[in-house]
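Enquirer: Residue numbers (the numbering used here): 1151 to 1613. One structure follows; several queries about it will come next.
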């Protein structure tokens, strides 16, 4: 395995010191912050948070053959323990060190919705072109971004980072750490609206990513993105090129002949350096739009686009992000959108339900969180999309009751205060041939509904 971290590099990156001079060889092949998933050879970073303290698990990490432990609290005299002033700051130092030695192409993705899907599409596309490193799951916050970079092999050809936020001022420091060559903004929408105050404030924050681009870098955005002026201004300020992705002739990346089916979309795409037909094996127009952004970003990164298009075809939606499974003895199709929710993503999921269902269309919706004073309006605004795409609706949470009470009686399945009490009601109401879509913010715990539907003999696969 490739050695990511030597003794000298760890000390240089963190300004820390091992207790002995050089008698123990340090050869870290990975980086971990969780001993439950730590692999032999990992460098374990003992992060300290509000609800947990990694220093309590240092002995476990050492017993599991960690190559080194990064700590700032006394935890023994093992020669593999690197003492630093603060472990989060040390991980950030490792991130900057790894970024500085990386000579490949760096891409960063942000957006109100779709950023994890676009990031994963980019990883699939670029991995077909060369060794590609990227964020796992949704590692997009103040520890996820530096952890992704700390794990970056110097020999990778591409790296794809995901950058998230829910408060103003969060994107700029992460973007400065990543220093992308290509920046992708998927959408500006009402995610975290209660914390940000306005859509324009969200656009301003997302556009901060472009200020981390170098002169000659590329920003990739949807042609109709809200707050376009913010992106145009910041790209111009940095001397970066702004690529708009859309369907009109003035777009740098222009899509046409989009054909959707129950398993994905095929479309023609004209890029600055490539023209051809691409396929994404994830249903829904929103996934097709995500794929167009990913391919435009791959082109901007200088990838072999024939290989990238072939790589994109290997992408599949992740758990809770649109994966389709047969459940309840293969009698019901489950569209699992349970990972998170915002007004835009719920509408996209409802459209997807309408596209893929062949029998009854059942929508199961949990609260969309972090909308603040806008919550009532945003939940009520889902009514047209629900009426157009669902035959029965089950809801949980105080905000979704606003939507549920506005439904025609014929559409009302049930409402309960939480997902745990809703789950058995949904299961009991389903019958052979139904398609059920489950969606809600992570804090709504819609995974309980998914688990109830999968508790028989679920198998993941096309519906």
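Note that CB positions come from ideal geometry on N, CA and C, so glycine has one too.
With DSSP collapsed to three states, give me the class of residue 1544.
Expert: Residue 1544 falls in the strand class under three-state DSSP.
Enquirer: So within the region 1460 to 1489, which uninterrupted beta strand (DSSP E) runs reach at least 3 residues, ignoring any that extend past its ends?
Expert: For the region 1460 to 1489, whole beta strand (DSSP E) runs of length 3 or above, ordered along the chain, are 1473 to 1477, 1482 to 1487.
Enquirer: Of the residues 1507, 1478, 1605, 1286, which one's Cα is nearest the Cα of residue 1580?
Expert: The residue with the shortest Cα to Cα distance from residue 1580 is 1478.
Enquirer: Could you say which of 1599, 1588, 1557 lies nearest to residue 1571 if we only look at CA atoms?
Expert: When only C-alpha atoms are compared, the closest one is 1599.
Enquirer: Short of 8 Å in beta carbon distance, which residues of its chain neighbour residue 1237, apart from the five on each side in sequence? Order them along the chain.
Expert: Cβ within range, chain order: 1195, 1196, 1197, 1198, 1204, 1220, 1221, 1222.
Enquirer: So residue 1564 is in the beta strand (DSSP E); what residue range does that whole segment cover?
Expert: 1562 to 1566 is the extent of the beta strand (DSSP E) around residue 1564.
Enquirer: Give me the Cα-Cα distance between residue 1612 and residue 1518, rounded to the nearest whole angstrom.
Expert: Low confidence applies here, because residue 1612 scores a pLDDT of 41, under 50, leaving its location unreliable; read the following figure in that light. So the two alpha carbons sit approximately 27 Å from each other.
Enquirer: Indicate whether at least one CB of chain D lies closer than 9 Å to the CB of residue 1314.
Expert: As a matter of chain content, chain D is missing from the structure shown, which is built from one protein chain.
Enquirer: So, residue 1267 versus residue 1339, is the Cβ gap smaller than 9 Å?
Expert: In this structure, residue 1339 does not lie closer than 9 Å to residue 1267 by Cβ.
Enquirer: Residue 1587 lies in the beta strand (DSSP E); which residues open and close that run?
Expert: Run containing residue 1587: 1585 to 1589, per the beta strand (DSSP E) assignment.
Enquirer: Determine the DSSP secondary structure at residue 1599, reduced to helix, strand or coil.
Expert: Three-state DSSP puts residue 1599 in a helix.
Enquirer: As a quick exercise: from 1529, 1153, 1564, pick the residue whose alpha carbon is nearest that of residue 1545.
Expert: Looking at the Cα atoms, 1564 is the closest of the given residues.
Enquirer: The alpha helix (DSSP H) spanning residue 1349 covers which residue range?
Expert: Element bounds for residue 1349: 1349 to 1357.
Enquirer: Using C-beta distances below 8 Å, list every residue in its chain close to residue 1173, excluding the 5 sequence neighbours before and after it, in chain order.
Expert: Cβ within range, chain order: 1229.
Enquirer: Please state the DSSP three-state secondary structure of residue 1415.
Expert: Note: residue 1415 maps to strand in three-state DSSP.
Enquirer: Measure the Cβ-Cβ separation of residue 1332 and residue 1368 and say whether it is below 9 Å.
Expert: Yes, these two residues count as a Cβ contact at 9 Å.
Enquirer: Counting only the same chain and skipping the five closest in sequence on each side, list residues whose C-beta sits under 7 Å from that of residue 1353.
Expert: Hits under 7 Å: 1338, 1376, 1377, 1380.
Enquirer: Assuming contact is defined by CB atoms lying nearer than 9 Å, are residue 1483 and residue 1507 in contact in what I supplied?
Expert: The answer is yes: Cβ separation under 9 Å.
Enquirer: Rank 1555, 1307, 1259 by C-alpha distance to the C-alpha of residue 1321 and give the top, closest one.
Expert: Closest option to residue 1321, Cα to Cα, is 1259.
Enquirer: Quick check: the region 1405 to 1422 against the region 1243 to 1250, are at least 3 beta-carbon pairs closer than 8 Å?
Expert: No: fewer than three Cβ pairs fall under 8 Å.
Enquirer: Over what stretch of residues does the beta strand (DSSP E) that includes residue 1182 continue unbroken?
Expert: Start and end: 1180 to 1182.
Enquirer: Using alpha carbons as the reference points, say which of 1576, 1496, 1406, 1251 lies closest to residue 1159.
Expert: Considering only alpha carbons, the answer is 1251.
Enquirer: According to DSSP, simplified to helix, strand and coil, what is residue 1407?
Expert: Strand, per DSSP.
Enquirer: Who are the Cβ neighbours of residue 1636 in its own chain at under 7 Å, not counting the five residues just before and after it?
Expert: With the chain covering 1151 to 1613 only, the question about residue 1636 has no answer from this structure.
Enquirer: When the Cβ atoms of the region 1209 to 1219 are set against those of the region 1183 to 1194, are three or more pairs found closer than 8 Å?
Expert: Yes, since at least three Cβ pairs between the region 1209 to 1219 and the region 1183 to 1194 fall closer than 8 Å, the two stretches touch.
Enquirer: Is residue 1124 helix, strand or coil when you go by DSSP?
Expert: Residue 1124 is absent from the model: the chain starts at 1151 and stops at 1613.
Enquirer: Can you give me the C-alpha to C-alpha distance between residue 1315 and residue 1291, rounded to a whole angstrom?
Expert: Those two C-alpha atoms are separated by around 7 Å.
Enquirer: Which residues in the same chain have their Cβ closer than 6 Å to the Cβ of residue 1628, if we skip the five residues on either side of it in sequence?
Expert: This structure leaves residue 1628 out entirely; the chain is present only between 1151 and 1613.
Enquirer: Taking a contact to mean a Cβ-Cβ separation below 9 Å, would you say residue 1532 touches residue 1497 in this structure?
Expert: Contact flag set, yes.
Enquirer: Once DSSP output is grouped into helix, strand and coil, what is the label at residue 1372?
Expert: Three-state result, residue 1372: strand.
Enquirer: Using only CA atoms, which one of 1347, 1408, 1446, 1325 lies nearest to residue 1360?
Expert: Looking at the Cα atoms, 1325 is the closest of the given residues.
Enquirer: Rounded to whole angstroms, what's the CA-CA distance from residue 1566 to residue 1604? Just pull it up for me.
Expert: Looking at the two C-alpha atoms, the distance is approximately 20 Å.
Enquirer: What residue range is occupied by the uninterrupted alpha helix (DSSP H) comprising residue 1244?
Expert: That run of the alpha helix (DSSP H) goes 1237 to 1251.
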